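Q: I'd like to ask some things about the structure below.
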Amino acid sequence: MDPPSYEEASRCPPLSSSAPPPPTYREAVVQIQPPPALVSVTHLSDSPGLVSCPHCHHVVTTKIKNVPGRDAWCLCICIAVLGLICGFCLIPLMIRGLQDVHHYCPLCGNCLHIYKR
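Per UniProt numbering, residue 1 is the first one in the sequence shown, and the count goes up by one each step.
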């Protein structure tokens, strides 16, 4: 479809200046996004979550710390028993998929939950 000619466009009434301007990009995006869901402390997984801290009773996003879990240590010991002691047995301690996730409250610093792999 072709755009209107200059004469056709000039016959249309001008836009009224009383109409509000369209929202900015930031306002439009904020309106579309739903608020984050509050998660129970026992349902936290391997990423930070929005929870109500049972210690200080504030709604916070948890801070996480990855700590080598039982599976990482077992694999480390198995590799050492196989004879790969020259640092190779430490590789499982660095694999994030084998690490437990500790969730902490950023305000009071208490441990809220440990997500075990």
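Ideal placement from N, C-alpha and C gives every residue a C-beta, glycine not left out. Since the model is a prediction, treat every value here as computed from it, not as a measurement.
Are residue 90 and residue 117 closer than 9 Å when you measure CB to CB?
A: Taking 9 Å as the Cβ cut-off, residue 90 and residue 117 do not qualify as a contacting pair.
Q: When you compare each of 88, 85, 92, 52 to residue 75 by their alpha carbons, which one comes out closest?
A: Comparing Cα-Cα distances from residue 75 to each of 88, 85, 92, 52, the minimum goes to 92.
Q: Taking the continuous beta strand (DSSP E) assigned at residue 100, which residues delimit it?
A: Per DSSP, residue 100 belongs to the beta strand (DSSP E) from 99–104.
Q: Put residue 24 into one of helix, strand or coil per three-state DSSP.
A: Note: residue 24 maps to coil in three-state DSSP.
Q: Look up residue 39 in the DSSP assignment and say whether it is helix, strand or coil.
A: The answer is coil: DSSP assigns residue 39 none of H, G, I, E or B.
Q: Could you tell me which residues DSSP puts in a beta bridge with residue 113?
A: According to DSSP, which records beta bridges pairwise, residue 113 is partnered with 103.
Q: From the DSSP output, in three-state form, read off residue 68 for me.
A: Note: residue 68 maps to strand in three-state DSSP.
Q: Taking the beta carbon of residue 6 as the centre, do at least 16 other beta carbons fall within 10 Å, making it buried, or is it exposed?
A: That one is exposed.
Q: Within 8 Å, do at least three Cβ pairs link the region 54–63 to the region 77–85?
A: Output reads no: the region 54–63 does not touch the region 77–85.
Q: Given a cut-off of 9 Å, decide if residue 77 and residue 103 are closer than it, judged by their beta-carbon atoms.
A: Their beta carbons are not under 9 Å apart, which means residue 103 does not touch residue 77 by this criterion.
Q: Run through DSSP, which three-state label would residue 45 get?
A: If DSSP states are grouped into helix, strand and coil, residue 45 belongs with coil.
Q: Determine the DSSP secondary structure at residue 82, reduced to helix, strand or coil.
A: Residue state, collapsed to three classes: coil.
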